[in-house]
Every structure is written in structure tokens, then in C-alpha cells.
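As you go down the protein sequences, you meet chains S and V in turn. Quick note on UniProt numbering: the first sequence kicks off at 1 and runs consecutively. Quick note on UniProt numbering: the second sequence kicks off at 1 and runs consecutively.
Number of protein chains: 2
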Amino acid sequence: MAPAGSSPVYHLPHPLPLDSGQALEGAQIAYETYGTLAEDASNAVLVCHALTGDQYLASPHPITGKPGWWERMVGPGKPIDTDRHFVICANVIGSCMGSSGPASLGPDGQPYAMRFPVITIRDMVRGLVALLDGLGIERLHAVVGGSMGGMQALSLAANWPERAARVLVIASTARHSAQNIAFHEVGRQAIMADPAWAAGDYYAGDARPDNGLAVARMAAHITYLSEAGLTEKFGRRLQDREAKGFGFDADFQVESYLRYQGSGFTRRFDANSYLYITRAMDYFDLAEEFGTEEHGGKLANAFAGTEARFCIVSFDTDWLYPTSESRHVVHALNAAGAKVSFVELSAPHGHDSFLLEHDQLDRVVKGFVEQ
Amino acid sequence: MAPAGSSPVYHLPHPLPLDSGQALEGAQIAYETYGTLAEDASNAVLVCHALTGDQYLASPHPITGKPGWWERMVGPGKPIDTDRHFVICANVIGSCMGSSGPASLGPDGQPYAMRFPVITIRDMVRGLVALLDGLGIERLHAVVGGSMGGMQALSLAANWPERAARVLVIASTARHSAQNIAFHEVGRQAIMADPAWAAGDYYAGDARPDNGLAVARMAAHITYLSEAGLTEKFGRRLQDREAKGFGFDADFQVESYLRYQGSGFTRRFDANSYLYITRAMDYFDLAEEFGTEEHGGKLANAFAGTEARFCIVSFDTDWLYPTSESRHVVHALNAAGAKVSFVELSAPHGHDSFLLEHDQLDRVVKGFVEQ
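1) Would you verify that the beta carbon of residue 222/V is, or is not, closer than 7 Å to some beta carbon of chain S?
2) Quick one: does residue 151/S have its CB under 7 Å from some CB of chain V?
3) In angstroms with no decimal places, state the Cα-to-Cα distance between residue 64/V and residue 104/S.
4) Could you check where the alpha helix (DSSP H) with residue 188/S kicks off and where it finishes?
5) Starting from residue 313/V, follow its DSSP beta bridges and name the residues at the other end.
6) Quick check on the burial criterion: 16 or more other C-beta atoms within 10 angstroms. Buried or exposed for residue 6/V?
7) DSSP on residue 11/S, reduced to helix/strand/coil?
8) Does DSSP put residue 357/V in a helix, in a strand, or in coil?
9) Taking the alpha-carbon positions, what's the residue 73/S to residue 79/S distance?
10) Excluding the 5 residues flanking residue 157/V on each side, which residues of the same chain have their C-beta closer than 8 Å to its C-beta?
11) Return the CA-CA distance between residue 279/V and residue 44/S, expressed in angstroms with no decimal places.
12) Can you find a CB in chain S that lies within less than 7 Å of the CB of residue 189/V?
13) Given that a residue counts as buried once 16 or more other Cβ atoms are within 10 Å of its Cβ, and exposed if not, what is residue 3/S?
14) Decide yes or no for the touch test of the stretch 346-364 of chain V against the stretch 225-243 of chain V: beta carbon pairs closer than 8 Å, at least 3 of them.
15) Since I believe residue 252/V is in contact with residue 20/S (beta carbons under 8 Å), could you give me their beta-carbon distance rounded to a whole number of angstroms?
16) Considering only residues of the same chain and omitting the five flanking positions on each side of residue 271/V, which have a CB-CB separation below 6 Å?
17) Can you tell me whether residue 138/S is helix, strand or coil according to DSSP?
18) Could you run through the stretch 185-214 of chain S and flag, in chain order, every residue whose CB is less than 8 Å away from some CB of chain V?
19) Roughly how many angstroms separate the alpha carbons of residue 301/S and residue 265/V, rounded to a whole number?
20) Any beta carbon of chain S sitting closer than 7 Å to that of residue 77/V?
21) Assuming residue 116/V and residue 102/V form a contact by the criterion Cβ under 8 Å, report the distance between their Cβ atoms to the nearest whole angstrom.
22) Would you report the Cα separation of residue 236/S and residue 54/S, rounded to the nearest angstrom?
23) Of all the CB atoms in chain S, is at least one closer than 7 Å to the CB of residue 52/V?
24) Between residue 364/S and residue 313/S, is the Cβ-Cβ spacing less than 7 Å?
25) If you follow the beta strand (DSSP E) that residue 86/V is in, where does it begin and where does it stop?
26) Expressed to the nearest angstrom, what Euclidean distance is found between the alpha-carbon atoms of residue 202/S and residue 109/S?
27) Could you tell me the distance, in whole angstroms, from the CA atom of residue 131/S to the CA atom of residue 316/S?
28) Looking at chain V, is there any beta carbon in it that lies within less than 7 Å of the beta carbon of residue 218/S?
29) Measure the CB-CB distance between residue 146/S and residue 152/S and report whether it falls below 7 Å.
30) Identify the contact partners of residue 227/S in chain V, using a Cβ-Cβ distance below 7 Å as the criterion.
31) The alpha helix (DSSP H) that contains residue 260/S, what's its start and end?
32) What does the alpha-carbon distance come out to for the pair residue 257/S and residue 133/S?
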């Protein structure tokens with residue numbers, strides 16, 4: 001948990017200003033890169049990760065030993081081709097894989113815990129832009145993200161429109177809905193109800209709020225999958241038994257799967273980071289971010305004057321960020337006169353489809369990044 | 001919690017046989033009645049309650065002081081008219097409002113806790129049938145239920161087809177899906193992760209697993225409401241504040257609402273009962289209940305030869321037990337040659353619509369019960 005990690009770390013030269021009005025002193029960002037930066041720095045692609053993702057985009061995860069989370073999409077000859085592009089993926093501020101977050105040491109040498117400032121999606125992106133500055137990249141060839149990564153891509157396009165020529169947003173939204181907030185609130189309450197959470201000050205002790213974090217992950221995990229996908233994958237099949245056990249063990253495969261997802265997650269993720277990042281997502285509303293006073297709260301105003309090309313992708317079975325939310329973004333981009341293409345892909349697996357095998361998605365990503 | 005209650009209690013004269021192969025000795029069922037039983041006992045309507053419901057159908061709840069949960073539907077001159085019908089509502093076995101459940105004392109004088117046998121929907125109905133025997137009611141004018149109450153109505157129709165002339169099933173299903181099971185499993189894990197749960201043996205102590213139970217209730221509550229209903233009711237509106245608080249208090253109204261739902265629930269419900277009843281619901285699969293060997297696992301076989309009239313009602317925004325599940329039941333009833341009518345009602349509020357104001361539902365219920 002919160003390992004030193006093998007990733008390079010960028011130490012921000014200045015305090016990072018935050019939407020809350022605070023500033024984060026001594027912030028650092030851990031990142032991975034793949035491919036070679038062109039001399040004119042014109043071939044950089046920034047991939048933004050999702051809630052529980054990290055910088056291990058196309059290289060093995062140091063804790064789980066599993067392949068990078070988008071290894072099928074990023075690499076030599078792959079849709080995001082590292083023979084042509086210099087691909088960057090950075091752990092977001094607030095997370096726990098080497099970038100500054102609640103598990104990091106504060107100015108007093110103790111872990112921040114809940115003294116870490118509450119951050120927003122825009123704050124995460126501010127950190128990423130600082131990293132781009134550090135790497136000498138003025139304008140990205142493309143910024144790409146799925147789920148929360150898509151929120152970052154939209155926020156970058158809206159707030160730093162000169163920093164990306166192409167913006168690819170997959171299975172995402174420009175605002176968190178009441179239902180999205182509700183599911184996250186269940187997760188946060190599960191963590192904070194765990195006595196081992198200890199108001200966030202658990203780093204020095206032996207106990208961690210693994211039980212609460214596992215429940216939070218289980219609840220969230222249901223939202224990542226479609227009802228039909230769950231039925232296809234598990235149905236009502238029993239786990240390692242011929243008949244119902246008439247007890248409270250995991251009788252059904254779907255129960256066993258969720259328990260496994262929950263407990264596995266606690267090995268690689270920090271509960272306080274889960275609180276902070278879900279909060280940032282719940283706060284996300286790109287139209288509001290720009291102030292209702294100035295722009296009438298209209299999403300289109302967030303993209304006024306943009307010269308970037310946009311590609312918005314949704315999945316027909318995604319009920320977390322359904323196609324209607326992608327359409328909402330597309331309409332705003334149209335209203336802003338932006339160049340935008342939109343595709344709804346058919347996939348059985350719901351929100352998680354962006355992480356799974358999907359030939360059409362591969363073609364869309366490749367076509368857009370290489371255009 | 002688990003109060004003696006003011007309801008009449010029926011003490012079963014024989015041990016209650018259970019699907020697990022066990023039998024429940026000394027079982028008792030607490031119930032309420034409304035109206036007067038005709039001399040020939042022909043005017044009885046049994047209303048079956050949902051997961052967290054109870055027998056206080058049309059009279060105030062003794063703990064919360066709130067009106068009965070279906071007071072708008074049951075009473076003099078109401079759709080289920082107590083001037084004409086003798087209406088019975090009984091607390092199900094496994095629950096905590098006076099019927100035998102995990103909080104009840106076992107043969108050794110100690111609360112059963114997790115030594116209470118695991119029960120099924122059919123076991124609940126077996127208890128209800130025993131109560132009907134005790135009340136001298138051979139054949140119900142109608143059995144009516146929403147959500148888990150609908151499961152009981154279907155189980156009664158399938159297993160005791162001679163006991164009901166009319167079967168009204170609202171917002172329900174003949175089987176729990178993988179997604180249904182998954183949400184319940186999150187709730188169970190939240191309860192069992194609470195140290196105060198103490199493997200179920202918390203009745204003698206001061207602490208109860210209220211935190212875990214509240215999280216379980218919050219997760220379930222999201223499934224009772226539609227996404228659009230949540231948006232209409234709460235959207236992204238803030239709670240008692242002008243701007244985001246950049247903290248972890250309930251910034252959004254939907255967070256505040258969920259916390260209130262969670263904490264209020266713990267005042268009136270027993271965590272172990274929540275475990276047992278969700279388990280019973282997850283086990284429910286009416287086709288399978290009849291054995292795949294004997295009937296090929298076909299739902300239609302469950303209703304073979306039935307002479308009852310059926311009415312199946314779904315709501316278009318119910319994603320917990322969607323209309324497709326009601327259609328599945330209707331097709332099976334059609335295949336069995338049963339008399340069945342089916343209506344999908346439009347309502348913005350999802351699964352909970354069956355408990356809310358809905359004139360069309362009132363007309364359907366009145367029309368069917370009085371036909």
C-alpha cells in the first residue's frame with residue numbers, strides 16, 4: 001500500500017493551487033511513459049486513469065504483478081501505438097501509487113490522512129498540466145481517458161484548451177448524477193463506518209479499514225457491470241456446490257466473485273484515497289465548474305472557442321454513465337462549434353467495456369488518435 | 001427493536017417444516033387484521049409485505065409512529081376495501097416485529113441469532129398458510145403483494161393453489177437475478193463487517209451493528225428508486241449550503257437523504273433479520289423450487305392446473321424487478337393456461353412506486369380485487 005513504487009516521480013516546483021482555495025505544497029506526481037518523445041515534442045499522448053486506476057497503463061503493476069490496465073490498447077503496433085507516440089500516464093493527485101495523496105507525508109512529517117485538502121477533477125488535471133510543463137510538452141497530440149479519465153480529458157479541454165489537439169472521452173460524463181453520488185456515498189459510509197478507519201488516522205497502526213473498503217468496492221463494482229452481463233457471467237449458478245447451503249457462505253458464484261473483488265482491491269488501494277477521489281468525482285460538473293454567474297451554467301460555454309477535435313464514445317449497456325450523458329456532451333460541443341464525432345458501441349458488459357476486448361473500440365481509438 | 005408489539009400473535013400448533021429440512025419448533029406469527037371476516041370466511045384478503053415491511057399495513061407503526069405502509073391502499077372505501085373485505089397482514093417468519101426470527105428466543109432461552117434456521121420464501125408462506133388455518137380461512141378471496149410480497153403471492157399460488165382465488169403481484173419477480181443477489185450480498189457483507197455484529201450474538205450487549213445495517217439499507221435504497229426519480233428529487237442540489245464544503249459532510253441533498261434513510265432504518269429493524277430475509281429472497285427461483293428433475297425447471301409447471309385469476313403489475317422505471325421479469329411470469333402463466341392480466345404502469349419513481357401515490361395502480365388493484 002502506498003509503495004515508494006518504481007515509477008519516476010515529478011516534484012512540482014511550485015505549490016499546486018486547488019479549487020478549494022488551498023494550495024498543495026511539495027506535491028509530487030508519479031508517472032510512467034511508453035515510447036519516445038519526438039524532438040519537437042509533438043507526439044505526446046496523455047492517458048488519464050479511472051477512479052481505482054494508476055500509472056501502470058502498459059507495464060506490470062508492482063503490487064499485483066498483473067499486466068497494465070490498458071496493455072491491450074497501448075504498445076508497439078497497438079491502437080495507441082508507442083512506436084509513433086510518446087504515451088504518458090500519471091497517478092492522479094489524491095491517489096496512492098506514488099503521487100501526493102492522503103497517505104503522503106505532510107509538512108509535519110506525518111501522513112496527511114484527512115488533513116489532505118479536498119480536491120477536484122480540475123485539481124487533478126492541474127497536476128497533470130504541471131507534469132506536462134516539466135516534461136516540456138506544450139501541446140498534446142491527444143488526451144485520452146475512460147470513466148474518470150474521461151472527466152479529466154474534458155476538464156483539460158475546457159480549462160487548458162491550448163494543451164491538447166485531440167480529446168478522446170470514453171464511457172464518461174460531464175457531471176455526476178444523483179445516482180452516481182448516491183453509490184459513492186454508500187462506499188464512503190462503508191469505509192467511515194469501519195472502526196479501523198479511525199477518522200482516517202490508521203497509517204501508523206496495524207489495522208486498516210479493509211472491511212469497509214471491500215464493501216465500498218463491491219457496491220461500486222456492481223455499477224461497472226450490466227445486468228445482462230452479470231446474468232451471462234454468473235446467472236444463479238452456485239459456487240463449488242451442488243445445492244444451496246442454507247447458510248451465509250457464498251452460495252452463488254456472483255457472491256464469491258464480489259467478495260474476491262472486494263478483498264483483492266484492499267491489497268492495492270488506500271481507503272482514504274477512495275474517499276478523496278470519489279469526492280472529486282461527485283463534485284464534478286463541468287458546466288458548474290465555470291460558474292453559473294459567468295456563463296449561465298451552460299456546458300457549451302465550457303468549450304467555447306476550442307480548436308481541438310473531440311471523439312466521444314459510449315457503450316449501450318453502461319448504466320453508470322449512460323449514452324444519454326455522452327449525448328449531452330456532444331450537444332454542448334456542437335453548440336460550441338467544436339469538431340466532434342460520437343459513437344455508441346454495443347457491448348454486453350456495461351461500463352467496464354472500455355477495459356475489455358472490443359475490436360470496434362480499438363478501431364475507433366486508433367482511427368481518432370492517428371487521424 | 002424486536003418489541004413485544006401490540007399485534008395478536010398466533011402460536012403454531014405444530015413445528016413448521018422448512019425447505020432446509022429442519023423444522024422450527026414453537027414458531028409464532030404476529031399479524032394485524034382490518035375489517036370483519038364473513039361467516040363463510042369468503043372475504044379474506046392476505047397482503048404480504050416486502051423485505052423491510054411488517055404487519056402494520058393500515059395502522060400506525062408502534063416504533064416509528066408513522067402510518068401503516070399501505071394505508072393509502074387499504075381501509076374503508078379504499079381500493080382494498082375493509083368495509084367489504086377482511087384484510088390480514090402478518091409479519092413473515094425471519095423478521096423482527098413479533099414473528100419468530102433470529103432475535104426470538106430459541107429452545108435454550110437464548111436468542112437464536114445465527115442459529116435460527118435459514119429460511120426461504122416458501123417457508124414464509126408456509127407460516128402464512130398455518131396462520132390461515134388458525135383463522136379458519138380455507139380459501140382467500142385474494143392474495144396481494146408487492147416486491148417480496150409478490151414473491152410470496154406467487155409461491156402461495158404455486159404451492160397451495162387451492163388457497164387463493166385471486167393473485168395480485170406488483171413490482172416483483174419469480175426469481176432473483178445475479179444483480180439482485182449482488183446488491184444483497186453487499187448489504188450482508190456490510191453488516192457482517194461491522195465488529196458490533198459479533199457473529200450475530202449482539203442481543204445481550206450494548207452495541208448493535210447499526211453502522212453496517214445503515215450501509216446495507218443505503219445500498220438497497222438506491223435500487224428502490226429510478227435514476228430519473230433521484231435526479232428529479234435531488235439532482236446535484238446542495239444540502240443547507242450555498243457552495244461545496246470541500247469536506248466529507250453531506251454536501252449534496254441525496255447524501256443527506258441516504259444517511260437519514262440508513263440511520264432511521266436501524267431504529268426499527270434487526271440486522272440479523274436483514275441477513276435472513278435477503279438470503280431467502282436470493283434463494284427464490286420459483287421454477288427451480290419445483291426441482292429441475294421433475295418439471296424441467298420450467299416456471300409454467302409451477303402453475304400447472306391453477307384455477308386462480310392472476311394480475312401482474314410492473315412499473316416502467318423499476319430496474320430492481322424490471323417489466324421483463326413480470327413478462328416472464330405472464331408468459332409462464334399463459335403457458336399454464338391460467339387466467340392472467342398484465343399491466344405495465346408508467347411512474348417516475350422506480351421500484352418504490354408501488355408504495356407511492358398512483359391513481360392507476362389504485363384502479364388496477366380495486367378492479368382486480370373486486371371483480
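All C-beta atoms in this analysis are idealised placements derived from N, C-alpha and C, irrespective of residue type, glycine included.
From the atom records:
1) Looking up residue 222/V in the second sequence gives position 222. Taking Cβ atoms only, chain S reaches closer than 7 Å to residue 222/V, which makes this a yes.
2) Taking the first sequence and counting its residues from 1, the one referred to as residue 151/S is at position 151. So no, residue 151/S is outside the interface.
3) Translated into the one-based positions of the second sequence, residue 64/V becomes position 64. Translated into the one-based positions of the first sequence, residue 104/S becomes position 104. Whole-angstrom Cα-Cα distance: 46 Å.
4) One-based indexing of the first sequence puts residue 188/S at position 188. Taken as a continuous stretch (DSSP letters only), the alpha helix (DSSP H) holding residue 188/S covers 178-193.
5) Within the second sequence, the letter at position 313 stands for residue 313/V. DSSP output for residue 313/V lists 170/V, 343/V as bridge partner(s).
6) As a working mapping, residue 6/V is identified with position 6 in the second sequence. Burial call: exposed.
7) Within the first sequence, numbered from 1, the residue matching residue 11/S stands at position 11. In this structure, residue 11/S counts as strand in the three-state DSSP scheme.
8) Counting from 1 along the second sequence, the entry for residue 357/V is found at position 357. It is coil, neither helix nor strand.
9) Here residue 73/S refers to the residue found at position 73 of the first sequence. Here residue 79/S refers to the residue found at position 79 of the first sequence. Spanning the two alpha carbons is a distance of roughly 5 Å.
10) Here residue 157/V is taken as the residue at index 157 of the second sequence, counted from 1. Within the same chain, Cβ atoms closer than 8 Å to the Cβ of residue 157/V are found at 143, 164, 167, 303, 306, 308, 310, the five residues on either side in sequence being excluded.
11) For the purposes of this step, residue 279/V is taken as residue 279 along the second sequence, with counting starting at 1. For the purposes of this step, residue 44/S is taken as residue 44 along the first sequence, with counting starting at 1. If I take the Cα positions, the gap works out to 52 Å.
12) Here the question's residue 189/V lines up with position 189 in the second sequence. It does: the Cβ of residue 189/V has a partner Cβ on chain S nearer than 7 Å.
13) Stepping through the first sequence from its first residue, residue 3/S is reached at position 3. Low local confidence applies: a pLDDT of 49 at residue 3/S is under 50, so the model's placement there is unreliable, and no value is given.
14) yes
15) In the first sequence, counting from the first residue as 1, residue 20/S sits at position 20. In the second sequence, counting from the first residue as 1, residue 252/V sits at position 252. With a Cβ gap of about 17 Å, residue 20/S and residue 252/V do not count as contacting.
16) As a working mapping, residue 271/V is identified with position 271 in the second sequence. Here the set comprises 191, 209, 213.
17) Position 138 of the first sequence holds residue 138/S. Secondary structure at residue 138/S: coil, using DSSP grouped into helix, strand and coil.
18) 185, 186, 188, 189, 190, 192, 193, 194, 195, 211, 212, 214
19) Translated into the one-based positions of the first sequence, residue 301/S becomes position 301. Translated into the one-based positions of the second sequence, residue 265/V becomes position 265. Roughly 43 Å between the two C-alpha positions.
20) Taking the second sequence and counting its residues from 1, the one referred to as residue 77/V is at position 77. So, not an interface residue.
21) Translated into positions along the second sequence, residue 116/V becomes position 116. Translated into positions along the second sequence, residue 102/V becomes position 102. Their Cβ separation, rounded to whole angstroms, is 4 Å, which keeps residue 116/V and residue 102/V in contact under 8 Å.
22) In the first sequence, counting from the first residue as 1, residue 236/S sits at position 236. In the first sequence, counting from the first residue as 1, residue 54/S sits at position 54. Taking the straight line from one Cα to the other gives about 33 Å.
23) The residue you call residue 52/V lines up with position 52 of the second sequence. No, no contact with chain S.
24) Along the first sequence, one-based indexing puts residue 364/S at 364. Along the first sequence, one-based indexing puts residue 313/S at 313. Yes, the pair counts as a contact, with Cβ atoms nearer than the cut-off.
25) By one-based count along the second sequence, residue 86/V stands at place 86. Looking at the DSSP string, the run of the beta strand (DSSP E) that includes residue 86/V is 86-90.
26) The count along the first sequence starts at 1 and reaches residue 202/S at position 202. The count along the first sequence starts at 1 and reaches residue 109/S at position 109. Approximately 15 Å, taken between the alpha carbons.
27) Translated into positions along the first sequence, residue 131/S becomes position 131. Translated into positions along the first sequence, residue 316/S becomes position 316. Roughly 35 Å separates the two Cα atoms.
28) Taking the first sequence and counting its residues from 1, the one referred to as residue 218/S is at position 218. Under the 7 Å criterion on CB atoms, residue 218/S is classed as interfacial with respect to chain V.
29) Position 146 of the first sequence, counted from the start, is the residue given in the question as residue 146/S. Position 152 of the first sequence, counted from the start, is the residue given in the question as residue 152/S. No, Cβ-Cβ distance for residue 146/S and residue 152/S is not below 7 Å.
30) The residue given as residue 227/S occupies position 227 in the first sequence. 177, 179, listed in chain order.
31) Residue mapping note: residue 260/S aligns to position 260 of the first sequence, counting from 1. First-last of the alpha helix (DSSP H) with residue 260/S: 253-266.
32) As a working mapping, residue 257/S is identified with position 257 in the first sequence. As a working mapping, residue 133/S is identified with position 133 in the first sequence. For residue 257/S and residue 133/S, the distance between alpha carbons rounds to 42 Å.
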